[in-house]
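Structure first, commentary second.
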Amino acid sequence: MTPLHWAVDRRHTSSVACLLEMGAPVEVPDKEWKERPLHRACLRGHTPCVELLLSAGADINARDRNGWTPLHYCTVKGDRAVLLLLLGRSAVVDCRDEYGRTPLLLACQEGHASQVRDLVNHKADVNAKERRGWTPLMWASFAGHEATVEFLVRETNVDLEERENFGGWTALAYAAREDQTQVMRILLDEGAEVDAEDSEGITPLQWACQEGSLESVKLLVEHGADWRRTNDFGVNAVWYSLARADLGLSEYFMNLCGREYMLELSEVEKTFPERFVSEFTEMEEIGQGSFGTVVKAEKDGKAYAVKELKDSDLPASTEDERDELPWEKEYIAMVVGTHSAFICGLLAFWRQGESTFFQMQLCESDLHHWMTKTKPKNRNRKTVLRFISDCSSGLRFLHDGVGKIHRDIKPGNIFLRMEIDDEGTMRLVAKIGDLGLVTDRSNPMGNFYFERSQGGGAGVYLAPEIKGISLKTEKNPTVHGVPKYDEKIDIYSMGAVFFDLLFLKPEAGHSECRWVVYVIRRMLGGKEEKHERPPAYEVEDEAHRWLQDCLQTPEGAEDDRESELGNGERNGKEEDEGVTEKKKEAKEEEKKKKMATIKEQELKRTKMWAEIIEKQLERKRKKMEAIKEKELKRNEMKK
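Going by full-length UniProt numbering, the residue at position 416 of the sequence shown is 416; the numbering climbs one at a time, nothing skipped.
Structure representation (structure tokens):
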């Protein structure tokens, strides 16, 4: 940090004024988080320093590494005077950070009702979603900020029924899950759909029976919630109350639906629907990950990538991880990774039998395929530098935002998807994927460099300190000789990817790209130099600088006239023209056979499921008859 940073951080107004008079630069960011003095002043809520910096020409919309502007900082702090000052100077109201969050969303998350009102008065979008689909109302409802929720639903045009992307939950569902009874009351009084189902058919009442209080359950039922409604697992709200074994809930529902119904329901078992074969069609295997198979499949006319992880194939948990299921790290990393445009995030997730399924966006290609099809002399420099910039941002987010190490960075695990980037350009965006080997960056003691349970993936891209270390699985639970290491293994692997992308030669150190070579050489430091490898945020800064330098050249300033994917695979398409008609027909025939097999399996499952239901109904009927017979005998004995 600069002296100006330190003075602002300690609210020394006179020191700040003195430094500015002496010509101290106001736009110099710190190295790690790229915070400018104005960011720090807004975080501290110090109006005099903010005014001095703005008068000295500080950028009111400057972004830090996470994309936060001064307006984001003051909404988190909750200082209204600074907020009004920035708004009065025409700060951009709906600017988004790396997660897609606006200042209004952060204010709702923190429960600063007065700031929420000020932002709305300055035309902030009350329905703006972040990358996972959360709205300001969802955050306020989740956190239980009653005043904020009340303002949003009664004084703005907020959408009560908006759903987030992952589970299809509404604001009411979040309030029910977190047992925010007063928030639920406000939402229901304003007309929120009481039986709004999420992506698995679960209603707010069912969530309340699982996680909430008797008061919340009563509130929902009083507003017409249907306690008989079943979800995709074949159970209803009453079933969840029985499974929870809560005496108050059990007594309440006993009075509501009767003893016989409760007894009958206690015999019902939760089922897990065959979602994969019932929801998806046109399945085609497209790859193997570190653990599991990836399939291309269609749902509702759209193509997705679906990854299946079988429990028997997953890495074994260590002693420190015994409370964490083997697939949970990948699941958590993918959920948080959804916030970054440069990590393959998660669209849906479910457990089925002894397998875990992840539904993801389908990418057009991967970096290995792209480099194979595109010879070095044909590679567009701007395209390559964009890929490098994307990868560096994804890796920095994984290390610093998610707190994870990938451990298997290689071209085959970097996917390419045609998207509109933050600058509005339609292009291939590089995304880090296959998070099956992710591990925590630090241990519970706060150490970053320590001996771990296993090494990384296999291949030439592995860092030298973990090469030759086998993977730990249930079949191979003991791995010997794992050294101490940290996230610098990912830096080495990414450096090797950059080297291959740029097709650098040793003598290139004396060429025009010598600075690029210098950084990549540091990334590729051996065992003895591993601690000298640059951190991910430094790699990101350098990669962005290379791209910006390229964009300043006449070649880089030209618009992209062709699809990058088309350019990248021109040679591949020429080769594909030689494929015979006979092979195409054979492939089509094989596809038809697969579909016929899938339909046959689905028919068998449907038939088997019908038989199971029939048997369950027969058992219930017999039990009901036995109960009635016993009651008749008791009545006769009383007479």
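A virtual CB, placed ideally from N, CA and C, is assigned to each residue, including glycine.
A quick note: this is a predicted structure, and the numbers were derived from the prediction, not measured.
Going by DSSP, Thr-383 is part of the alpha helix (DSSP H) stretching over 381 to 396.
Rounded to whole angstroms, the gap between the alpha carbons of His-12 and Tyr-73 is 19 Å. Here Lys-431 is not near Ile-491, since their CB atoms are 8 Å or more apart. When secondary structure is reduced to three states using DSSP, Tyr-99 falls in the coil class, being assigned neither helix nor strand. In terms of Cα proximity to Asp-118, the closest of Arg-132, Thr-75, Glu-146 is Thr-75.
For Gly-287, the uninterrupted beta strand (DSSP E) run begins and ends at 281 to 288, by DSSP. Fewer than three beta-carbon pairs drawn from the region 363 to 381 and the region 1 to 8 are found closer than 8 Å, and the two stretches are therefore not classed as touching. Your pair Ser-141 and Gln-182 does not check out as a contact, with CB atoms roughly 11 Å apart and the cut at 8 Å. Here Ser-90 is exposed, its C-beta having fewer than 16 other C-beta atoms within 10 Å.
Of the residues assessed, Lys-123 falls on the exposed side of the cut-off, its CB having fewer than 16 other CB atoms within 10 angstroms. Counting the other CB atoms within 10 Å of its CB gives Arg-154 a total below 16, which places it among the exposed residues.
With respect to Thr-356, Leu-309 sits close: the two C-beta atoms are nearer than 8 Å. Counting C-beta pairs closer than 8 Å gives three or more between the region 183 to 202 and the region 225 to 245, which meets the contact rule. CA-CA distance, Ala-175 to Asn-236, rounds to 19 Å. Taken through DSSP and simplified to helix, strand or coil, Asp-366 comes out as strand. Scanning Arg-386, Glu-35, Leu-347, Ala-626 for the CA closest to the CA of Glu-260 turns up Ala-626. Between the alpha carbons of Asp-500 and Ser-493 lies a distance of about 11 Å. Ranked by Cα distance from Glu-215, the options Val-294, Glu-555, Gly-248 are led by Gly-248. Straight across, the Cα-Cα distance linking Asp-159 with Leu-188 is about 13 Å. Between Val-482 and the set Arg-452, Ala-463, Gly-459, Ser-241, the nearest pair of CA atoms involves Arg-452.
Selection Glu-618, Glu-269, Leu-85 evaluated against Thr-47 yields Leu-85 as nearest (Cα-Cα).
One alpha carbon belongs to Tyr-485, the other to Arg-101, and they sit about 34 Å apart.
In the three-state reduction of the DSSP assignment, Val-306 falls in the strand class. Each residue's CA atom was taken as its position, placing Asn-443 and Phe-498 some 29 Å apart. Secondary structure at Ser-250: helix, using DSSP grouped into helix, strand and coil. Sixteen is the threshold: since fewer than 16 other Cβ atoms of the shown chains lie within 10 Å of the Cβ of Lys-592, the residue is exposed.
Straight across, the Cα-Cα distance linking Asp-440 with Lys-404 is about 5 Å. Taking 8 Å as the cut-off, the beta carbon of Gln-115 is found no closer than this to the beta carbon of Arg-63.
With distances taken between CA atoms, Leu-367 lies nearest to Asn-413 out of Trp-227, Asn-413, Met-360. Of all C-beta pairs linking the region 22 to 39 to the region 376 to 384, fewer than three are shorter than 8 Å, placing the two stretches out of contact. In the three-state DSSP reduction, Ala-348 falls in the strand class (E or B). Contact check for Glu-110 against Thr-135 fails: the beta carbons are separated by 8 Å or more. Taking C-alpha positions only, Arg-522 is separated from Arg-533 by approximately 5 Å.
Unbroken beta strand (DSSP E) runs of no fewer than 3 residues, entirely contained in the region 142 to 170, are not found. By a beta-carbon distance limit of 8 Å, Leu-435 contacts Glu-330. Their separation comes to about 5 Å. Residues Gly-455, Val-482 of the same chain have their beta carbon placed closer than 6 Å to that of Ile-469, with the five preceding and five following residues left out of the count.
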